[in-house]
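Here the structure comes first, spelled out in structure tokens, and everything after it is commentary.
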Amino acid sequence: MTDWIVEPAGPLSGDVAVPGDKSIGHRAVLFAALTDGPCEVTGLSGGEDNLRTVAALQALGVRVAEGVVQGVGLDGLRAAAAPLDCGNSGTSMRLLTGLLAAQPFRSELVGDEYLHRRPMRRVAEPLGRMGARVAGRPGQGKKAGEIYPPLVVEPAGTLRGIDYESPVASAQVKSAILLAGLYARGRTSVREPGPSRDHTERMLRFLGAPIATGERTTAVDPDGWDRRLRARPLRVPGDPSSAAFLLAAALVTGGTVRVRGACVNPTRTGFLDAIAAMGADVALENPREEAGEPIADVVVRGGRPLRGVDLAGDLVVRAIDEVPILAVVAARAEGTTTIRDAAELRVKESDRVATTVALLRAFGVAADEREDGLAIAGGTALRPGDVDSHGDHRIAMAAAVAAAVAGGRVVDVANVATSFPTFARLLRELGARVSESSPAR
16 MTDWIVEPAG PLSGDVAVPG DKSIGHRAVL FAALTDGPCE VTGLSGGEDN LRTVAALQAL
76 GVRVAEGVVQ GVGLDGLRAA AAPLDCGNSG TSMRLLTGLL AAQPFRSELV GDEYLHRRPM
136 RRVAEPLGRM GARVAGRPGQ GKKAGEIYPP LVVEPAGTLR GIDYESPVAS AQVKSAILLA
196 GLYARGRTSV REPGPSRDHT ERMLRFLGAP IATGERTTAV DPDGWDRRLR ARPLRVPGDP
256 SSAAFLLAAA LVTGGTVRVR GACVNPTRTG FLDAIAAMGA DVALENPREE AGEPIADVVV
316 RGGRPLRGVD LAGDLVVRAI DEVPILAVVA ARAEGTTTIR DAAELRVKES DRVATTVALL
376 RAFGVAADER EDGLAIAGGT ALRPGDVDSH GDHRIAMAAA VAAAVAGGRV VDVANVATSF
436 PTFARLLREL GARVSESSPA R
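The opening position of the sequence shown corresponds to residue 16 in the working numbering, with each subsequent residue numbered one higher.
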């Protein structure tokens, strides 16, 4: 097990580029595999989660080498010789389940101990309505009726299109259904209660899929389509969720950080909107578009006084992965910050409501759990703290940023490699004092 020892530093500042967006990276390699020829895919993060999707596609007969994915078309996948290991990646498992539900062969998907705790009924249930056969490990007690990995996907013949009213706004659920819908007979639509990431819609449309979007609804209608996704170069922009940790480091230490070439898709800018509401100095420079995605250089300048705010609704949905680091920023603001409508945090890599509150308390911040979020009393000087990441990369990184102010130890940081393998190095480039420790346990 590896820990970080972080010593207090002065203002963290610098000009950096973060790894490619993990969500877009998954989709780039997966959709490229379904195209009609070779696709050059650049900008992948190098994180373990994206590599799990690559390895799964290779096991399904797709050639991926030197940044080129050799598309096999919608009907060119073949059965894997062994279970597909998704590691810690819920995105890999859920998107692959949607794709494999339409294939004429049996598949099994497994993962690590943390992924095996994550609920999968939210994907299996709508796919079942389409005629798919997805089975998992049944939940017990209060979790009866839920299913968990490993998942087994059996061949089910031609799927049928459905109109699905999703109880949660989830890009993973939506994407799994749309992937299955590419193979289904008739139109498939997904309506969500709030906004979710639209990378799937943008990229599939860019490759030629019959995707239509409306108010909270996305649909695919393959009737009359030639069933060809056109091979095109795909560039993965910088991950805004990764950028958030470095930008937050500027805010909490009083520095200035520029992140070059980050994705600024409106479904992903909740963190930037939240810190702007707190009074932060945020600027987008050199805006442009690549492969259907808006990107820009994001600059955050610390030094301004921050104020506590009430964060809820669509903004929280758009910042759901950044809530732990938003909570650290809130701890440095004057007044109370409340975060509501974030129940989805309970079923992430950890129960992020509980682990975020524990993180804050470790640094002496008064924070309380709410059923669907948390409340943070800001304005108190942070004290040195020790934080257990509980196998959650975002908790580990948020704790490291807090420790850059006050000092501390972050326990079990190997999980950071799943999404942001260069995090510690980039934090050091900004001036942080981070060292590794491997204690005997």
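For glycine and all other residues, C-beta sits at the position ideal for the given N, C-alpha and C.
As the structure is a computational prediction, the values presented were derived from the model and not from experiment.
Look at the alpha carbon of Ala71 and the alpha carbon of Ala139, and state the distance between them as a whole number of angstroms.
19 Å
Looking at C-beta atoms only, is the number of pairs between the region 371 to 382 and the region 290 to 305 that lie closer than 8 Å three or more?
no
For Ser452, which residues from the same chain have a beta carbon less than 6 Å from its beta carbon, with the 5 sequence-adjacent residues on both sides left out?
Asp18 and Ile20
Run through DSSP, which three-state label would Glu444 get?
helix
Whose CA, out of Val344, Asp288 and Val314, lies closest to the CA of Asp329?
Asp288
What did DSSP end up calling Asp30 once you bin it into helix, strand or coil?
strand
Can you check the region 254 to 297 for any beta strand (DSSP E) of at least 3 residues that lies completely inside it and give the ranges in chain order?
271 to 278
Would the beta-carbon of Asp356 fall within 8 Å of that of Val331?
yes
First and last residue of the beta strand (DSSP E) that includes Arg136?
For Arg136, there is no enclosing beta strand (DSSP E); the residue is found in the alpha helix (DSSP H) stretching over Arg136 to Arg144.
Between which residues of its own chain and Gly394 is the CB-CB distance below 6 Å, once the five residues before and five after are set aside?
Glu349
Over what stretch of residues does the beta strand (DSSP E) that includes Ala390 continue unbroken?
Gly388 to Ala392
Got a sec? Which residues, its chain only, sit under 6 Å from Arg121 by beta carbon, not counting five neighbours each side?
Glu169
Quick one, which of Pro26, Pro23 and Val69 has its alpha-carbon nearest Lys37's?
Val69
Measuring only the C-alpha atoms, how far is Gly40 from Thr268?
31 Å
Which value, in whole angstroms, describes the spacing of the CA atoms of Val205 and Val235?
9 Å
Please give me, in chain order, every unbroken run of the alpha helix (DSSP H) with length at least 4 that falls completely inside the region 192 to 243.
214 to 221
Going by beta carbon distance, what residues of the same chain come within less than 7 Å of Glu359, once the five residues before and after it are set aside?
Val183 and Ile335
Name the DSSP beta bridge partners of Glu55, please?
DSSP, once it has assigned bridges, lists Val83 as partnering Glu55.
What is the DSSP secondary structure of Glu128, counted as helix, strand or coil?
coil
Output the boundary residues of the beta strand (DSSP E) element that contains Val167.
Ile162 to Glu169
What residue from Ala195, Asn430 and Phe286 has the CA that sits closest to Asp403's CA?
Asn430
Tell me which residues share the same chain as Ala439 and place their Cβ nearer than 7 Å to its Cβ, disregarding the 5 neighbours each side in the sequence.
Cβ within range, chain order: Trp19 and Val449.
Pull the bridge partners of Ala381 from the DSSP assignment, please.
Ala392
Using a Cβ-Cβ cutoff of less than 8 Å, which residues in the same chain neighbour Ile310 once the five nearest sequence positions on both sides are dropped?
Pro252, Gly253, Gly276, Ala277, Cys278, Val279, Pro302, Arg303 and Glu304
How many Å lie between Gly423 and Ala32 at the Cα?
26 Å
Taking only the alpha-carbon atoms, compute the straight-line gap between Pro134 and Asp127 and give it to the nearest angstrom.
14 Å
Based on Cα-Cα distance, which residue from Asn65, Pro119 and Val79 lies nearest to Asp100?
Asn65
Please return the same chain residues whose Cβ sits closer than 6 Å to the Cβ of Ala414, not counting the five positions on each side in sequence.
Leu374, Val402 and Val425
Would you call Thr271 buried or exposed, if buried means 16 or more other Cβ atoms sit within 10 Å of its Cβ?
Counting the other CB atoms within 10 Å of its CB gives Thr271 a total of 16 or more, which places it among the buried residues.
Gly400 lies in the alpha helix (DSSP H); which residues open and close that run?
No alpha helix (DSSP H) holds Gly400; the beta strand (DSSP E) holding it covers Gly400 to Asp403.
Please classify Asp30 as buried or exposed, where buried requires at least 16 neighbouring CB atoms within 10 angstroms.
An exposed status is given to Asp30, since fewer than 16 other beta-carbon atoms sit within 10 Å of its beta-carbon.
Using C-beta distances below 7 Å, list every residue in its chain close to Leu75, excluding the 5 sequence neighbours before and after it, in chain order.
The residues are Leu92, Arg93 and Ala95.
In three-state terms, what does DSSP make of Pro436?
coil
When you compare the region 148 to 158 with the region 205 to 216, are there three or more beta-carbon pairs, one atom per stretch, that lie closer than 8 Å?
no
Expressed to the nearest angstrom, what Euclidean distance is found between the alpha-carbon atoms of Leu110 and Val125?
13 Å
Run through the DSSP bridge pairs and tell me what Gly423 is partnered with.
According to DSSP, Gly423 shares a beta bridge with Val21 and Gly400.
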